[in-house]
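For the sequence shown, the positions run 57 to 693 when this note's numbering is used.
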Amino acid sequence: MIDIESVLGPRGLLSDALPGFSWRAQQQEMAEAVASCIELGGRLIAEAGTGTGKTFAYLVPALLSGAKVIISTGTKNLQDQLFIKDLPLLRDAMASPASVALLKGRGNYLCVHRLENALLDPRGQRREIARQLRQVQGWSVSTRSGDIAEMTSLPEDSAVWPLITSTGDNCLGSDCPSFGKCHLLEARKRAQEADVVIINHHLLCADFSIKDEGFGELLPAADAYIIDEAHQLPDVASSFFGVSVGTRQFLDLCRDSRAEYVREAGDLPKILEQIDHLEKAARDFRLAFGQDGQRGAWDEVAGDKDVQNGLVYLQKELEGLRGMLKSIEGRGKGLDGCLNRAQGLAADLGQIISPENVEEQVCWFEVHSHSVRLNSTPLDVAGLFQGQMACHPAAWIFTSATLAVGESFAHFQQQLGLLKADTACWDSPFDYAEQALWFVPKGLPDPSAPNYTDKVMELALPMLQASKGRAFLLFTSYRALHRAADWLQDKLEFPLLVQGSAPKAELLKQFVERGNAVLLGTSSFWEGVDVRGGALSLVIIDKLPFASPGDPVLKARLDAMRKSGGNPFMEYQVPQAAIALKQGAGRLIRDVTDRGVLVLCDPRLLRKSYGHTFLDAMPPFARTRELKDALEFLQAM
57 MIDIESVLGP RGLLSDALPG FSWRAQQQEM AEAVASCIEL GGRLIAEAGT
107 GTGKTFAYLV PALLSGAKVI ISTGTKNLQD QLFIKDLPLL RDAMASPASV
157 ALLKGRGNYL CVHRLENALL DPRGQRREIA RQLRQVQGWS VSTRSGDIAE
207 MTSLPEDSAV WPLITSTGDN CLGSDCPSFG KCHLLEARKR AQEADVVIIN
257 HHLLCADFSI KDEGFGELLP AADAYIIDEA HQLPDVASSF FGVSVGTRQF
307 LDLCRDSRAE YVREAGDLPK ILEQIDHLEK AARDFRLAFG QDGQRGAWDE
357 VAGDKDVQNG LVYLQKELEG LRGMLKSIEG RGKGLDGCLN RAQGLAADLG
407 QIISPENVEE QVCWFEVHSH SVRLNSTPLD VAGLFQGQMA CHPAAWIFTS
457 ATLAVGESFA HFQQQLGLLK ADTACWDSPF DYAEQALWFV PKGLPDPSAP
507 NYTDKVMELA LPMLQASKGR AFLLFTSYRA LHRAADWLQD KLEFPLLVQG
557 SAPKAELLKQ FVERGNAVLL GTSSFWEGVD VRGGALSLVI IDKLPFASPG
607 DPVLKARLDA MRKSGGNPFM EYQVPQAAIA LKQGAGRLIR DVTDRGVLVL
657 CDPRLLRKSY GHTFLDAMPP FARTRELKDA LEFLQAM
């Protein structure tokens, strides 16, 4: 029996070893439930409110169990926090002999072979890219892990990253001439040997969907899987259990085919001509879709003449390159790899535009500034996910601060087929009624009104002045965010930080350092953001966070539910939005000393019959409908 109390109890190891550690009954109870699940091999869904200390509540039993444990997170930030901060702290305090490894997706590691190819083929490279390649080359000599996160001097969106990392498509596996120097392979070896392995949901689902076939299995066999930020898993699983093809993959294939031709052949110039033809076809196919930012069902454009002609041209030129590469098969491992990729692209493209199981999936497109992507996504991943869990017999623990709607876990359980799992909920130890005030204003127009965002900003301005900045304004659309930013620009005496003006991490850093800033954000700031103390005292949410009804995957899922006799709005859209709102509200109170005001502007909360679902899902903040109460609360802080 794992002795949790000896570590997390009132007089446990951590109370002596960690300054500032305080015993929390909820944390100890959750840890005991996790320990029992690991020992007995069950399935547990555990919601732990903010401040419960859920991270230690699963890390402590994982370290004590002696089992092989894989911990999956929703974000790289949490992945790094666990590996760099939390686990070393606990291992030292507990004198734990457990070994720990961090494993990221292949795109996070330097590929020595692709770096060499990029340095050999400077054609068309901008001066800035050439300079950054030289930086990477210098770093590659000294790095031990090959984790590109070490290259902090290069921007996150640099065009150099695809040139020096591999994908499941272009990895040559054991045929790679640099196989013996592969950083990804070394990281996977460390993961095979470790007792506790930290991964993320994308890697977990990549392993499940068997798309990463470069070499060997992605993940080691485990006795237990612990899924943190589990509310994100259904969406990640949907994308990985589907099929996706983008014009960028065609352009990458062209670039790599050209580089491998220079390296391994060089005597068949017609191949270079065919590569140019395919490159042009991919770019023309993108142009056929017009402006970027579009998303829709494939049926909406399948009959468009320009799109159809572009698709036929793309398939013809892809087949032309495939045929030429086939004719010289065996000339080199790199060219053979490109042949396999061409064949895989042709198969995936055919599967999307001519699907076999039309009723079970939705085919859709998304247009970006320089690329277009075609996707086939399953409408229901529960059966697929359960099939994968059956192939990985182990204890399974799913945890997050937001899994239940009210007291029901049914929505999350149905998404992943976890109907027979045990469920438990530990409320936050924070005194929400004392620390926070929830303000639902009177008199705002319907959210569909053209002047709605202006009215929200008119309401927000006196509160921003009362809070002396120190606020998050969270929006459900970029249009509303930009309208609000324009409205506030000349009216605000505090620093204004707007999503998109700088990387997310940089905006958060500025927000904390300035101490009186106002940050405007959309979905990426609704969760995974932890600002403690006085820098954040006001969170204003413009609307109930219903997903866009125009999203092609959501629309297809709702249609399928409707056809089967369900009520998609109440059974899917409302629970999903309630969980998202709970995430947004969770930004406000992050510590026992935090105080603040949450404002939800949407009048539908109290006017519509479904409003009670949102009310039941929220933390027990004190509530008011009077602006003067909100202003007094802020001024008293």
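We put the CB at the ideal spot given by N, CA and C, even for glycine.
A678 - DSSP class collapsed to helix/strand/coil: In the structure shown, A678 sits in a strand (DSSP, three-state: E or B).
Integer-rounded CB distance, given that A634 should sit under 8 Å from T578: Not confirmed; about 18 Å, so no contact.
Proximity of F297 and V125 at Cβ, strictly below 8 Å: Here F297 is not near V125, since their CB atoms are 8 Å or more apart.
The stretch 477 to 485 contacting the stretch 88 to 99, beta-carbon criterion three pairs below 8 Å: Yes, they touch.
Residue interval of the beta strand (DSSP E) (run including L548): Per DSSP, L548 belongs to no beta strand (DSSP E) and is neither H nor E.
Status (buried if at least 16 other CB within 10 Å, exposed otherwise) for P675: Answer is buried; the Cβ neighbour count reaches 16.
Within 8 Å, strictly: CB atoms of A154 and R147: Contact: yes.
Burial state of K498, where buried means 16 or more other Cβ atoms lie within 10 Å: Its Cβ having fewer than 16 others within 10 Å, K498 is exposed.
F528, enclosing alpha helix (DSSP H) - first and last residue: Element bounds for F528: not the alpha helix (DSSP H) but the beta strand (DSSP E), 527 to 530.
Helix, strand or coil at A157 according to DSSP, with G and I counted as helix: Residue state for A157 is assigned as strand, using DSSP reduced to three classes.
Rounded separation between E549 and K511 - CA only: The C-alpha of E549 lies about 19 Å from the C-alpha of K511.
Reference D355; option with closest CA among F421, A398, V318: Taking only the C-alpha atoms, the option nearest D355 is F421.
Cβ shell of T199 (< 8 Å), same chain only, five flanking positions each side left out: Taken in chain order, the residues that qualify are L166, E206, H239.
Inter-residue spacing [alpha-carbon to alpha-carbon] between G352 and P608: Taken atom to atom, the span from the alpha-carbon of G352 to that of P608 is near 5 Å.
Start and end residues, alpha helix (DSSP H) containing S196: Note, S196: alpha helix (DSSP H), 183 to 198.
Backbone secondary structure at L515 - three-state DSSP: Helix.
Given 8 Å, three or more beta-carbon pairs between the stretch 595 to 614 and the stretch 643 to 660: Yes, the stretch 595 to 614 is in contact with the stretch 643 to 660.
Spatial neighbours of M693 in its chain, beta-carbon cut-off 7 Å, leaving aside the 5 residues before and after: Excluding positions up to five away in sequence, the list reads S593, R651.
Alpha-carbon to alpha-carbon, L517 and L493: Going by the C-alpha atoms only, they are around 18 Å apart.
Residue span of the beta strand (DSSP E) that contains W452, given as start and end: Segment 451 to 456, the beta strand (DSSP E) holding W452.
Beta-carbon spacing of L289, L159 below 8 Å: A distance of 8 Å or more separates the beta carbons of L289 and L159.
Beta bridge counterpart(s) of G34 as assigned by DSSP: Residue 34 lies beyond the stretch modelled for the chain, which goes from 57 to 693, so this question has no answer here.
One or two residues paired with C419 in a DSSP bridge: BP columns for C419 point to S432.
From M626, V630, Y628, G589, residue whose alpha carbon lies closest to that of V26: Here the chain comprises residues numbered 57 to 693, so residue 26 is not present and cannot be evaluated.
Buried or exposed (CB count within 10 angstroms, at least 16 for buried), T208: Around the C-beta of T208, fewer than 16 other C-beta atoms lie within 10 Å, and the residue is accordingly described as exposed.
Residues bridged to L594 (per DSSP): Partner(s): A527, V653.
Environment of L515 [buried if 16+ CB atoms lie within 10 Å]: Flag for L515 reads buried.
Residue interval of the beta strand (DSSP E) (run including V299): First-last of the beta strand (DSSP E) with V299: 299 to 302.
Own chain residues within Cβ distance below 8 Å of W543, not counting five before or after: Non-local beta-carbon contacts of W543 in its own chain, meaning distances under 8 Å to residues more than five positions away in sequence, involve T509, D510, M513 in chain order.
Helix, strand or coil at V125 [DSSP, three-state]: Residue state, collapsed to three classes: strand.
Residue interval of the alpha helix (DSSP H) (run including D404): First-last of the alpha helix (DSSP H) with D404: 389 to 409.
Rounded separation between A104 and C310 - CA only: Spanning the alpha carbons of A104 and C310 requires a straight line of approximately 49 Å.
Rounded distance between the beta-carbons of I453 and I255, thought under 8 Å: Between I255 and I453 a beta carbon distance of about 14 Å is seen, past the 8 Å cut, so the two are scored as non-contacting.
Own chain, CB closer than 7 Å to Q566, minus 5 neighbours either side, in chain order: If we look at Q566 and ignore the five residues flanking it on each side, its Cβ neighbours are L553, A573.
Reference P66, options I58, A73, R80, N507, closest by Cα: The residue with the shortest Cα to Cα distance from P66 is R80.
Segment contact, 8 Å Cβ cut-off, at least three pairs: the stretch 335 to 343 with the stretch 402 to 409: The stretch 335 to 343, when compared against the stretch 402 to 409, does not touch it at the 8 Å Cβ threshold.
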